[in-house]
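A.B. asks: Those sequence lines, one after another, are chains A and B. First residue of the first sequence: 1, per the numbering used here; consecutive thereafter. First residue of the second sequence: 1001, per the numbering used here; consecutive thereafter. Heads up, the beta-carbon is just placed ideally off N, CA and C, and yes, glycines get one too. As the structure is a prediction and not an experimental result, all values here were calculated from the model.
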Amino acid sequence: MSADTTRSDAPPRPRLRLGALKAPVVVALILIVALLALGEALSPGFASFEQILRLLIVAALLGIVAAGQNLVILGGREGIDLSVGGVVSLSAIVAGNVMNGADGGIAMAILACVATGALFGAFNGLGVTLLRIPPLVMTLGMLGVLQGLLVVIRQGIPSGRAAPALSEFVTRPFLLGLPGIIWLWIAIGLVMAFVLKRTVFGHRIYAIGSNEHAAYMAGVPVRTMRVALFTLSGVFAAIAGICLLGYSGSSFANVGEQYMLPSIIAVVFGGTPLAGGRGGYTGTMAGAVLLVILQSILTTVNIDESGRQMVFGATLLVLMLFYGRGRTMRA
Amino acid sequence: MASVSSPVHGAAPGRLKRLFERYPFLPALVILVVLLALNGVFAPNSLSFRALTGLLSTYLALMLLSVAQAYVVFASDIDLSVGAIASLVNVTIIVVMQQLGGGVPSVLLALAVGLAVGLACGLANGIVVAALRLQPIVATFATSIFFTGLALYVLPVAGTPAPAVFWRTYGGRLLGVPFVVYLALGLALVLYLLARSRLATQLLAVGDDAQAAYQSGLPVTLIRIKGYALCGLFAALAAFCITGDTASGDPLVGGKMTLLSVAAVVLGGCALSGGFGTAIGAVLGALIIGLINSLVFFVGTPSEWQNLVQGLAILVALMVGIMVSRRARA
Chain A
1 MSADTTRSDA PPRPRLRLGA LKAPVVVALI LIVALLALGE ALSPGFASFE
51 QILRLLIVAA LLGIVAAGQN LVILGGREGI DLSVGGVVSL SAIVAGNVMN
101 GADGGIAMAI LACVATGALF GAFNGLGVTL LRIPPLVMTL GMLGVLQGLL
151 VVIRQGIPSG RAAPALSEFV TRPFLLGLPG IIWLWIAIGL VMAFVLKRTV
201 FGHRIYAIGS NEHAAYMAGV PVRTMRVALF TLSGVFAAIA GICLLGYSGS
251 SFANVGEQYM LPSIIAVVFG GTPLAGGRGG YTGTMAGAVL LVILQSILTT
301 VNIDESGRQM VFGATLLVLM LFYGRGRTMR A
Chain B
1001 MASVSSPVHG AAPGRLKRLF ERYPFLPALV ILVVLLALNG VFAPNSLSFR
1051 ALTGLLSTYL ALMLLSVAQA YVVFASDIDL SVGAIASLVN VTIIVVMQQL
1101 GGGVPSVLLA LAVGLAVGLA CGLANGIVVA ALRLQPIVAT FATSIFFTGL
1151 ALYVLPVAGT PAPAVFWRTY GGRLLGVPFV VYLALGLALV LYLLARSRLA
1201 TQLLAVGDDA QAAYQSGLPV TLIRIKGYAL CGLFAALAAF CITGDTASGD
1251 PLVGGKMTLL SVAAVVLGGC ALSGGFGTAI GAVLGALIIG LINSLVFFVG
1301 TPSEWQNLVQ GLAILVALMV GIMVSRRARA
């Protein structure tokens, strides 16, 4: 593979220091506040508590998918997971059918979904490590398999319904006025921050992401780590699928597709470059909120679909300029 | 046109390796022949001239889109907007032809406009990725959203028909031979010429080691922009075939083909990390996808299982292809 040849050993280029202002999390937060102000100016009530809560619920769904995506990308070697969308859809269907509208089935549904997500994630990881298939290709192929599987399942069984308790958890206030899913997301954020900053596992992710060979030489079980990262990505996508079922009440065709590339963009907006080895999840959370607010503003503004898409695409490009760009050849 | 020939070790395995270095699409060719044979076993009719040209007219668009993808993959870039470019060109030429009355001159003008639109989109991608140094995957995803918006602006809903002269020509015959056969021969000639061009070699050199290419004096940024421009042109050609095949405009028609084009490029023996591959391999990869789809149909797979079996077969083909080409190169 080209991992060894493309990995540059050039020293980090000296950068203009504007203090914390240049940290991706701060950039994202400033943009979030600016967009909220813009939204409020365009349509009064946009930045009201209820609206922000609604945005956060949508952002939590994206953010949970992005957690797994983040881990895979941090692990480097062109790590990326294109199959998350398929896992989200599959998990929503599995959950809907296992619980089928009954609160008693929630635990069983969670178990089934997490197992499903872990299974597909582990397959990805094994293909990437044992067979050394590039992650993009492996997860792209897996996405095709998942989409085919969805067609089969959809023919055979009804789409299933969310249990009332699950819908309550996702949409109704649970504690301190915040729905359960937001607490879940905060918890995931805290656990991710702790794992990445304070545990051996976390440090090893950065190690294999920044220099796989050196990490291997230092005794890091690189393959096991990578399989674990892909498995976790599947698990996070599965959890998001369950929550999505709770959010929409019933699952419908390919609900997860909308998360595939946005989950990658959220990671990039959060300051984790696709090359891996740097960044973290706190930024990704901000990135997810940023993306969701941007989309929401565009739906508030009274322009037709074509204009909305053009503005969205152009804004994404402009925002990307704020984040780490590739190095120049001259450096 | 494999990029760098590394020193050959050993005698007997060395020959196979050299052969593979020279023709990276060999594994794809083997898979293709096997699939053709299997198709012939399960449905002898599927190997008839008529059936094969039918396959060609359906998959010519994907073949061209995969070629488009291949040229950016050469330079270790990727273009997730090829499908959106094809959609935009599709609706653009449909609207131009409709506005100008649908005669032969309007068709020719529409094709010229279509190529210009494809080129412009490709240049935009190239500038965003190579000059502004954004990461290709996310940047071309963003441009794909923009192009889709443009396509929706040009033609908000699918359905405007193409003038009869357009699709009759595409689906018709010239001197008793289906028109698509001429197109395929034309494509083969263009690919042959491009394979011998300086640009193809430069793209592979950049993909193999951008820093080395830069230090030996190649204008890396310009070369990558040219790669994206070429990609945009081929995406426009793919759009012409889509239009000929579907005979109507659809602002979202190409979206699903983007990831298939990436799969086809990999199936054809190109390394996603750049620096190794051929455009003809991408064509073979697209044909492999087409043959897998028809084989799944011919063996009598129940309709609801077809997508799953296709997905599994493509995944297996991707894995086998990558493992074989790595073994042959190692």
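So serine 306/A contacts chain E; which residues on that side make the cut at Cβ distance below 9 angstroms?
C.D. replies: No chain E is present in this structure, whose protein chains are A and B.
A.B. asks: If you draw a straight line from the alpha carbon of alanine 67/A to that of leucine 1065/B, how long is it in whole angstroms?
C.D. replies: Cα to Cα, alanine 67/A sits roughly 33 angstroms from leucine 1065/B.
A.B. asks: Hey, which unbroken runs of the beta strand (DSSP E) at 3 residues or more fall wholly within the stretch 207 to 283 of chain A?
C.D. replies: Entirely contained in the stretch 207 to 283 of chain A, not one beta strand (DSSP E) run reaches 3 residues.
A.B. asks: Evaluate threonine 300/A with the Cβ neighbour count: other Cβ atoms within 10 Å of its Cβ, from every protein chain shown; 16 or more gives buried, anything less gives exposed.
C.D. replies: With fewer than 16 Cβ atoms within 10 Å of its Cβ, threonine 300/A is classed as exposed.
A.B. asks: If you draw a straight line from the alpha carbon of leucine 82/A to that of leucine 143/A, how long is it in whole angstroms?
C.D. replies: Using only the alpha carbons, I get a separation of about 7 angstroms.
A.B. asks: With H, G and I counted as helix, E and B as strand and the rest as coil, what does DSSP make of serine 1248/B?
C.D. replies: In the structure shown, serine 1248/B sits in a strand (DSSP, three-state: E or B).
A.B. asks: Sorted by chain position, which residues of the same chain lie with C-beta nearer than 8 angstroms to tyrosine 1059/B's C-beta, five sequence neighbours on each side aside?
C.D. replies: Ala1286, Leu1287, Ile1289 and Gly1290.
A.B. asks: Is there at least one non-hydrogen atom of the ligand ZN closer than 8 angstroms to the beta-carbon of alanine 1158/B?
C.D. replies: This structure simply doesn't include the ligand ZN, nor any ligand for that matter.
A.B. asks: Distance, Cα to Cα, leucine 1252/B vs threonine 1148/B?
C.D. replies: If you take the alpha carbons of leucine 1252/B and threonine 1148/B, they lie about 7 angstroms apart.
A.B. asks: Can you tell me where the alpha helix (DSSP H) with leucine 1175/B in it begins and where it stops?
C.D. replies: Element bounds for leucine 1175/B: n/a, residue is neither H nor E.
A.B. asks: Leaving out the 5 sequence neighbours to the left and right, which residues in its chain are closer than 6 angstroms to aspartate 4/A when beta-carbon positions are compared?
C.D. replies: For aspartate 4/A, the predicted model reports a pLDDT of 43, less than 50, meaning its position is unreliable; a value from the coordinates is still stated below. Cβ within range, chain order: n/a, list empty.
A.B. asks: What beta strand (DSSP E) runs, 3 residues minimum, are completely inside the stretch 1218 to 1281 of chain B?
C.D. replies: As far as the stretch 1218 to 1281 of chain B is concerned, it has no whole beta strand (DSSP E) run of at least 3 residues.
A.B. asks: Would you say the stretch 92 to 101 of chain A touches the stretch 239 to 257 of chain A, given that touching needs at least three Cβ pairs under 8 angstroms?
C.D. replies: They touch, by the three-pair rule.
A.B. asks: For valine 1095/B, I'd like the list of residues in its chain whose CB is within less than 8 angstroms of its CB, leaving aside the five on either flank, ordered along the chain.
C.D. replies: Excluding positions up to five away in sequence, the list reads Val1154, Leu1155, Thr1160 and Gly1249.
A.B. asks: Exposed or buried, which one is methionine 285/A when buried takes at least 16 other CB atoms within 10 Å?
C.D. replies: Answer is buried; the Cβ neighbour count reaches 16.
A.B. asks: Buried or exposed: where does proline 1178/B fall if 16 or more other Cβ atoms within 10 Å of its Cβ makes it buried?
C.D. replies: Under this definition proline 1178/B is a buried residue.
A.B. asks: Can you tell me whether DSSP reads leucine 1155/B as helix, strand or coil?
C.D. replies: Leucine 1155/B falls in the coil class under three-state DSSP.
A.B. asks: Given a cut-off of 9 angstroms on the beta-carbon distance, is the pair glycine 76/A and glycine 283/A in contact?
C.D. replies: Against a cut-off of 9 angstroms, the Cβ pair of glycine 283/A and glycine 76/A comes out as no contact.
A.B. asks: Give me the residue from Ala1271/B, Leu1185/B and Leu1175/B with the minimum Cα distance to leucine 1204/B.
C.D. replies: When only C-alpha atoms are compared, the closest one is Ala1271/B.
A.B. asks: Look up phenylalanine 1025/B in the DSSP assignment and say whether it is helix, strand or coil.
C.D. replies: Phenylalanine 1025/B falls in the coil class under three-state DSSP.
A.B. asks: Over the uninterrupted alpha helix (DSSP H) stretch that includes leucine 190/A, give me the two end residues.
C.D. replies: Looking at the DSSP string, the run of the alpha helix (DSSP H) that includes leucine 190/A is 180 to 198.
A.B. asks: Could you tell me the distance, in whole angstroms, from the CA atom of leucine 146/A to the CA atom of glycine 1311/B?
C.D. replies: Their backbone Cα atoms lie some 8 angstroms apart in a straight line.
A.B. asks: To the nearest angstrom, how far is it from the Cα of leucine 1038/B to the Cα of isoleucine 1322/B?
C.D. replies: Cα-Cα distance, rounded: 22 angstroms.
A.B. asks: Label threonine 1143/B either buried or exposed according to how many other C-beta atoms from any shown protein chain fall within 10 Å of its C-beta, with 16 as the threshold for buried.
C.D. replies: Buried, since its Cβ has 16 or more Cβ neighbours within 10 Å.
A.B. asks: Given that proline 134/A touches chain B, what residues does it touch there, using C-beta distances under 9 angstroms?
C.D. replies: By Cβ distance, chain B contributes Val1266, Ala1271, Leu1272, Ser1273 and Ile1322.
A.B. asks: Using 8 angstroms for Cβ pairs, my map puts tyrosine 216/A next to valine 65/A. What's the rounded Cβ distance?
C.D. replies: Rounded, the Cβ-Cβ distance is 29 angstroms, inconsistent with contact.
A.B. asks: Taking phenylalanine 1298/B as the query, report the chain A residues whose CB atoms sit under 9 angstroms from its CB, ordered along the chain.
C.D. replies: Here the premise fails: no neighbours, minimum Cβ distance about 17 angstroms.
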